[in-house]
Every structure is written in C-alpha cells, then in structure tokens.
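Engineer: Taken in order, the sequence shown gives residues 7 to 272; the numbers are from my numbering.
So that we are looking at the same thing, I have put the structure below in structure tokens.
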Amino acid sequence: NSIKLTTLIKRLACTNATVLINGPTGTGKEVVSNLIHHFSTRAEKAFVAVNCAAIPEQMLESMLFGHEKGSFTGAMQPNKGLIRAADEGTVLLDEISEMPITLQAKLLRVIQEKKVMPIGSSVEVSVDVRIIATTNRNMAEEVKAGRFREDLYYRLNVFPLNTLRLSERRFDIPAIAAHLLFSIDKDSELKTKISEQAFETLMEYSWPGNVRELSNVIQRAKILCANNVICADDLIFDNFEKDKPTNTAEALAAKFRNTESNEMVL
7 NSIKLTTLIK RLACTNATVL INGPTGTGKE VVSNLIHHFS TRAEKAFVAV
57 NCAAIPEQML ESMLFGHEKG SFTGAMQPNK GLIRAADEGT VLLDEISEMP
107 ITLQAKLLRV IQEKKVMPIG SSVEVSVDVR IIATTNRNMA EEVKAGRFRE
157 DLYYRLNVFP LNTLRLSERR FDIPAIAAHL LFSIDKDSEL KTKISEQAFE
207 TLMEYSWPGN VRELSNVIQR AKILCANNVI CADDLIFDNF EKDKPTNTAE
257 ALAAKFRNTE SNEMVL
C-alpha cells in the first residue's frame, strides 16, 4: 500500500544503498527514483537520468564515464561524463538490462570502488554517486542468458523494489498525482491544488497507461483548471475503457471549442 511504499522510500533515502526497481512500463519507476533522491541527503545535488536503451554503445560509454580530448574521432574537448557530473548526487540508469555487457564492468567498478576511468585515460578518478537502476525485465533470466553480469546484478540488487500497475495500487494515486503536480509547478509562483472530487475521480479510473497516462492527465488538468484548483471536470482521460470516464480526449476538444465560443460571445 501507499503507506508501506512511502515508508520504504524514506528509509531507503536515509542510506546510500543501490536500488533496483522492477516493474511494467509506465508504472512510475522514475517517480520512485526521484522520490528516493528527494528525501535523501543528496537532494541538493544533481539527479541525472540516463536511458541505457536509447543511446548507442560508444556514445553511452562516453556520456556515462567521460573521455579525454582526442580519445576518438570527434572528441575535440575532454568530457567528464554524467557520473562525475552527478558527484555527491544520484544517477538513475533506466532500462539497465539494455546496457551493453562491455560497459557493465566499468559500472561495477563505479559501484564497488567509486572510481571512473574516462575513455582514453589511464588514470581513475574518484566519484561519489548513488546508483539507482530500473528495468521491466526479469534480471535473473538476463543473468542466466549471459546478457547481464551476475556480479553487477547482485551489486545493483542490494534493495529490490517492485512497482505495480496503478490499477493494483489505487491508494498510491493521490500521492503520485501530487508529486507529478509538484514537479510541474516547481518553477511557478502560484501552486496548484487538486480537489477531493478530482482525487476521487482519479482513483476510480483503471489507468491502462499507468503513471505515464496519469502524468498526461495532470498536465492537461493544470492547463484547464481555474483559480489553480484542479476539479473533476478538468480531468481529461485517454479513455481505453468503453463505459467510463466520460472526460475523454474528444471531450477535451469539445471543451476548447466551447471556451472559444464563449470568448467570442464575450
């Protein structure tokens, strides 16, 4: 339940333990990672997120571990890399199962020895970062198949967390929605609130798109709401259900058309 998850996050935040978060796509793994960082003593330092599946191998190595000038074609300037850039902070390695096995040994050294060796250098650099990794795969199976180093798996899996689909943890929805809204509002002087009726509506929906869909709904509601209070009528759903809710993407278009008509009358 939400109380247990919040308690776990806060307890984890008090440590420097590596965390491996496993769960289906869109279930809020990055949100949990952000919260662990937010409640930790590293909160004032950098939080750097890297998607291991979205970056080619050589580019990923350079981005994470850095490189020296001239170490490869196009390396016109030295680059310390994202791990060193996050020194004293937190690095989130999203989709860790997709990290090439050739780079896994370098990551293992960061965790074990707190050392980074940039491409083209023979000198290791000390670094202090907390590593959080996420995956939607069965990592034990990845290890058995030889696609992931067993020693790295155990180093990452010091504290495993599992994220469930939103439909399986409805009582987490208010806390997640509030966190998403806080992230949207962080650069705004006026803070937005969510009404009780809106919270009730959020908890009634099945959320086939999980936290990603919830994020979209909150962003839409922030745009539509009046007086910085999100009401139930401001919630526009993607609506993969046949019966409910009635606020759908089509309703969003209708709402804008009505707004434009009213403005023209005025």
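Note that beta-carbon positions come from the ideal geometry of N, C-alpha and C, so glycine has one too.
#1: From the DSSP output, in three-state form, read off Ile61 for me.
#2: Considering only the beta carbon of each residue, do Ala59 and Glu101 sit closer than 8 Å?
#3: Under the three-state reduction of DSSP, which class applies to Pro166: helix, strand or coil?
#4: Is the separation between the beta-carbon of Asp134 and that of Asp93 shorter than 8 Å?
#5: Could you name the residues of the same chain whose beta carbon sits closer than 8 Å to that of Gly95, not counting the 5 residues immediately before and after it, in chain order?
#6: By how many angstroms is the C-alpha of Cys237 removed from the C-alpha of Ser68?
#7: With distances taken Cα to Cα, identify the nearest neighbour of Leu98 among Arg176, Asn144, Val25 and Ser189.
#8: Anyone know if the C-beta pair for Val164 and Gly32 falls short of 8 Å?
#9: Can you find the residues in the same chain that come closer than 6 Å, C-beta to C-beta, to Ser39, ignoring five residues on each side of it along the sequence?
#10: So within the stretch 210-242, which uninterrupted alpha helix (DSSP H) runs reach at least 4 residues, ignoring any that extend past its ends?
#11: Tell me which residue opens and which closes the beta strand (DSSP E) that Val38 is part of.
#12: Can you give the beta carbon distance from Val122 to Gly76, rounded, assuming they're within the 8 Å contact cut?
#13: Taking only the alpha-carbon atoms, compute the straight-line gap between Val103 and Asn57 and give it to the nearest angstrom.
#14: Rounded to a whole number of angstroms, what is the C-alpha to C-alpha distance between Ile182 and Lys228?
#15: Could you compute how far the alpha carbon of Leu162 sits from the alpha carbon of Leu114?
Structural biologist: Reading off the structure:
#1: The answer is coil: DSSP assigns Ile61 none of H, G, I, E or B.
#2: Yes, the Cβ-Cβ distance between Ala59 and Glu101 is below 8 Å.
#3: In the structure shown, Pro166 sits in a strand (DSSP, three-state: E or B).
#4: In this structure, Asp134 places its C-beta atom within 8 Å of the C-beta atom of Asp93.
#5: Hits under 8 Å: His43, Arg48, Lys51, Ala52, Phe53, Val54, Val135 and Arg136.
#6: Approximately 46 Å, taken between the alpha carbons.
#7: Ranking Arg176, Asn144, Val25 and Ser189 by Cα distance to Leu98 puts Val25 first.
#8: No, the Cβ-Cβ distance between Val164 and Gly32 is not below 8 Å.
#9: If we look at Ser39 and ignore the five residues flanking it on each side, its Cβ neighbours are Leu98 and Ile138.
#10: Scanning the stretch 210-242 for uninterrupted alpha helix (DSSP H) segments of 4 residues or longer gives 216-230, listed from N- to C-terminal end.
#11: Unbroken run through Val38 is the alpha helix (DSSP H), Lys35 to His44; no beta strand (DSSP E).
#12: Your pair Val122 and Gly76 does not check out as a contact, with CB atoms roughly 19 Å apart and the cut at 8 Å.
#13: First, the amino acid is wrong: residue 103 is Ser here, not Val. Each residue's alpha carbon lies about 10 Å from the other.
#14: Roughly 15 Å between the two C-alpha positions.
#15: In a straight line, the C-alpha of Leu162 is about 9 Å away from that of Leu114.
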